[in-house]
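See structure below.
Protein chains: 2
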Amino acid sequence: MKLFKKTKKETNKHQDALNELMKVMSRERVLTAVEDRICYSYDGTKQKALPDIVVRPENTTDVSNTLKIANKYEVPICARGAGSGLTGGAVPLMGGIVFDLKNMNRIIEICPDDFVATVEPGVVTKQLQDEVAKFDLFYPPDPSSAAFSTIGGNVAECAGGITGLKYGVTRDYILALEIVLPDGSVINTGRKAGYDLTRLFTGSEGTLGIFTKITVKLIPKPEKIQTLAAYFSNKDDAIDAADLIIDNNILPRTLEFLDQMTINAVRGYTGADIDEEVKALLLVDIDGTEESIGHEMPIIENACRESKAFRTKVADTAKERDAIWASRRSISPALYNIAPHKINEDICVPRSKIKEILRRVDQIKEGQPIYIANFGHIGDGNIHVNIMYSDDPGQEALAEIIVNKVMKEVVALGGSISGEHGIGNKKSQFMELEVPPQEYEIMKRFKSYFDPKGIMNPGKMFI
Amino acid sequence: MKLFKKTKKETNKHQDALNELMKVMSRERVLTAVEDRICYSYDGTKQKALPDIVVRPENTTDVSNTLKIANKYEVPICARGAGSGLTGGAVPLMGGIVFDLKNMNRIIEICPDDFVATVEPGVVTKQLQDEVAKFDLFYPPDPSSAAFSTIGGNVAECAGGITGLKYGVTRDYILALEIVLPDGSVINTGRKAGYDLTRLFTGSEGTLGIFTKITVKLIPKPEKIQTLAAYFSNKDDAIDAADLIIDNNILPRTLEFLDQMTINAVRGYTGADIDEEVKALLLVDIDGTEESIGHEMPIIENACRESKAFRTKVADTAKERDAIWASRRSISPALYNIAPHKINEDICVPRSKIKEILRRVDQIKEGQPIYIANFGHIGDGNIHVNIMYSDDPGQEALAEIIVNKVMKEVVALGGSISGEHGIGNKKSQFMELEVPPQEYEIMKRFKSYFDPKGIMNPGKMFI
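As they're listed, the protein sequences go chains P and H. The first sequence begins at 0 in numbering that gives the first Met the number 0 and counts up by one. The second sequence begins at 0 in numbering that gives the first Met the number 0 and counts up by one.
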């Protein structure tokens, strides 16, 4: 457990802040017992740092009051949704206050006539998806964490997901935000006139303000989904197939790629029925009407066969779909069959550069006593490069060296260090690889304009 | 012709800037003759203001050199694409330099594998659409001005268009920008890591920097388009039909509405074959595959009939499509049959508020000796309210009063003062109606951060 070392002055300020918080918030919304605080010390990266205070706001006023106090006493604030982030966004690196936004979980309004919904940040993404589905509407962003991650966290990290190729990612669906700024003032973005402030805050990772209301765009729910699995004896063939599908002017709802190491892990984990000869796998969902699917699926099957898939399988029932997707869903836990530790780098390159980046990753790995499993949203060029390492001496350091080399190649190919997981503290060291100096400086100026005292999620995004 | 009155000091600065420009730019790229300058004094609003100098850059270096000089001598800079804007964006209200970006019209790269294209700002939007179509790709934003407006102008104003309901507007397709800032430095936005700067500049109306390269997202070109016209005896029926089409989970590529006054104007102008009994018209394009169109068009026809359309007509040939769309295309010139002057306010309200805003517009007009024609992109809630007035005494003032009242109602209904034409100087007086004080202040702070000397398109967006 990391404990941020505070000076005497800082400790006093924290105590003053706590005293004031106790005056404006009801008791049960402010937690200070260590056993409570431990529950708010980690996230999906398995980093740990103990907050001094946990605040559980119920509404915008609570958020505003807390921020006013935090700002006054210069106490760090770290917002937390489900704590499932993969770059450290919710870890209170410098102690201070963690905002547990889980209680702000109302769906304020679904307006089917206008295809919009307004929700509080603590709403779980899957719940939003399910609620709008009752109106035959669809909220497309679908991170793998959708069943437990919150929409607030999704917006903060600009979460991606498996539907990105056809539908885009979180940023493409955020129409308006109610934001509490560090000084406690409440702004509303999303008016059309003037500069676009909504997009500036989307993906800002809790470094500029706290979202208290989120208005999302919805689209009509596709009538039907059909799934295909295609099996290849070579990863380049699978990549060719993905290209050929898209060349045929079809944008699948999902286009997932699994490499051999990933398949091996899954096979060992689930006992999934995947032959030994399968060295790469494409999982494809298409959605639309009965008619459009009937038109597209044969083209997709054909593209796979033309690219030397030795088998394709179309799922016709929900059960068959589920069986095909089980292997994809099991990847995360299955990878730990390879080794006990994982660095998951969600790199992103232009689609045309996927073969090349995987070739370079192979080259970097060549001869090193470490495993790398690659899978991900191939249509977006968003590949999860998973570097698996053991507790043996030197393994962690080797993994870090490999990550460094991979990141350099990604940026050299015009790609991004983060396809969909954000920067947090885990990737902040690579920011300047990707973002040129002047642009980086502009971002830091925005940060200091909104948060002059630097209380908002310190240690994240910028180094 | 408006001539901005300069002080002696300003005149000297302009002369110094000109002298320096002459040193770094070749002669033919700097125009000072009055007959040349007049050509750069107006835009689609018919306002006029004479620039002192016209610079016609050929590349980013030219733009950067000019901005450095303008910034040094504090000379206003106004960027100009085709000059077809409808809110005054390209009018050099305070004189100074007009940047004619028409010569920066190269399509730098179309990358069909990655569905992106990079172009210079002076490329005409239609040309971009046509060039990418050769690769079976589609750049969806389609403002009515596409045949002559430039992509740089489209990005600056965040142009909308008739495909917005299904495909979104310009902002949804801008992936990256090369921007020259007022100090002459060149930044590149569009990296995924960090804050989203691309969107902040998109729609910034030349007030923050000059775009010199624009990277756009493309999507597969739909196989086929089919068109339907539906005729109604009542405008509310047409609005109901539009709602019902969308309720059926169909997002038409285009969903245009024309009210009675608009139809009267078109009828008088083109001799179009539209019966007297037609009081409202819906024009619908759907696109997709043969199969999806075959599925959707009967549903659309049915929705129109259920909403009391007394006739529907599906165009099967290109010629028939063209005949149907001719009436829509003729609106702008046709309206001048009603009266010699027009204020075209492209208001935008939530779709569910269209009937209500049109009712309120009727109420505002009630008994006033003026004509109002309403038409537009009904699926987006983006209605063009055209206030037509004559040269008679008091008419212009009355038109302005009506505009004011309409804007207030639009904002009261949660709408925007500008759906797709930007703010410019024509709507800057209404900015504070829509944008709350603190958000307005934030925008002004961004403006002064990037442009501390206020040389970038002064007089636009902010009052």
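Backbone N, C-alpha and C fix where the C-beta goes; we use that ideal spot for every residue, glycine too.
Between the Cα of residue i and the Cα atoms of the options, which residue gives the shortest distance?
i: P435(P); options: G159(H), F134(H), G193(H) and P140(H); result: G193(H)
i: P297(H); options: A264(H), K191(H) and L227(H); result: L227(H)
i: I109(H); options: L66(H), A132(H) and L100(H); result: A132(H)
i: V410(P); options: E399(P), E365(P) and E431(P); result: E431(P)
i: Y230(P); options: V277(P), S184(P), K443(P) and G88(P); result: V277(P)
i: I330(H); options: L281(H), V265(H) and E319(H); result: V265(H)
i: G208(H); options: Q362(H), T6(H), N70(H) and A338(H); result: N70(H)
i: T316(P); options: D345(P), N301(P), K223(P) and E275(P); result: K223(P)
i: Y370(P); options: N381(P), N336(P), D345(P) and K354(P); result: N336(P)
i: F374(H); options: G413(H), G418(H) and Q14(H); result: G418(H)
Secondary structure at residue i, three-state DSSP: helix, strand or coil?
i: C157(H); result: coil
i: Y166(P); result: helix
i: H340(P); result: strand
i: H420(H); result: coil
i: V348(H); result: coil
i: E255(H); result: strand
i: K443(P); result: helix
i: G95(P); result: coil
i: K216(H); result: strand
i: G151(P); result: helix
i: M103(P); result: coil
i: F429(H); result: helix
i: K71(P); result: helix
i: N18(P); result: helix
i: S184(P); result: coil
i: Q128(H); result: helix
i: Y370(H); result: strand
i: Y448(P); result: helix
i: E177(H); result: strand
i: K467(H); result: Outside the shown range of chain H (0 to 462) lies residue 467(H), about which nothing can therefore be said.
i: G267(P); result: helix
i: I462(H); result: coil
i: Q46(H); result: coil
i: F114(P); result: coil
If you count every other CB in all the chains shown that lies within 10 Å of the CB of residue i, and 16 or more means buried, which is it?
i: E177(P); result: buried
i: V97(H); result: buried
i: C77(H); result: buried
i: Y448(H); result: exposed
i: F147(H); result: exposed
i: C38(H); result: exposed
i: S25(H); result: exposed
i: S511(H); result: For chain H, the structure presents residues 0 to 462; residue 511(H) sits outside this window and is missing.
i: R310(H); result: exposed
i: V90(H); result: buried
i: T124(H); result: buried
i: P332(H); result: exposed
i: P451(H); result: exposed
i: P339(P); result: exposed
In chain order, what residues of the same chain have a beta carbon less than 6 Å from the beta carbon of residue i, not counting five sequence neighbours either side?
i: N385(H); result: L334, K341, N343 and A372
i: L30(P); result: V53
i: D463(P); result: Any answer about residue 463(P) is impossible in this case: the structure gives chain P only from 0 up to 462.
i: G163(P); result: H376 and D379
i: Y41(H); result: K47
i: D141(H); result: G160, I161 and T162
i: K20(P); result: The sequence as given places Leu at residue 20(P); Lys does not occur at that position. Here the set comprises V29 and I68.
i: I238(H); result: I353 and K354
Tell me which residues share the same chain as residue i and place their Cβ nearer than 7 Å to its Cβ, disregarding the 5 neighbours each side in the sequence.
i: N263(H); result: none
i: F492(H); result: Limits of chain H in this structure are 0 at one end and 462 at the other, which puts residue 492(H) out of reach.
i: G458(P); result: L92, M93 and N424
i: L85(P); result: G43, T44, N343 and H420
Who are the Cβ neighbours of residue i in its own chain at under 8 Å, not counting the five residues just before and after it?
i: L174(H); result: V115, G189, T197, T214, V215 and K216
i: E408(P); result: I356, R359, V360 and I363
i: T59(P); result: E177, V179, V185, T211 and K212
Stretch pair the stretch 348 to 355 of chain P + the stretch 316 to 327 of chain P: three plus CB contacts closer than 8 Å: no
Evaluate contact between the stretch 243 to 259 of chain H and the stretch 386 to 393 of chain H, counting only Cβ atoms and requiring at least three cross-stretch pairs below 8 Å. Judged by Cβ distances under 8 Å, the stretch 243 to 259 of chain H makes no contact with the stretch 386 to 393 of chain H, as fewer than three pairs qualify.
Segment contact flag, the stretch 281 to 298 of chain H with the stretch 358 to 367 of chain H, C-beta cutoff 8 Å, min 3 pairs: No: the two stretches stay apart, fewer than three of their Cβ pairs being nearer than 8 Å.
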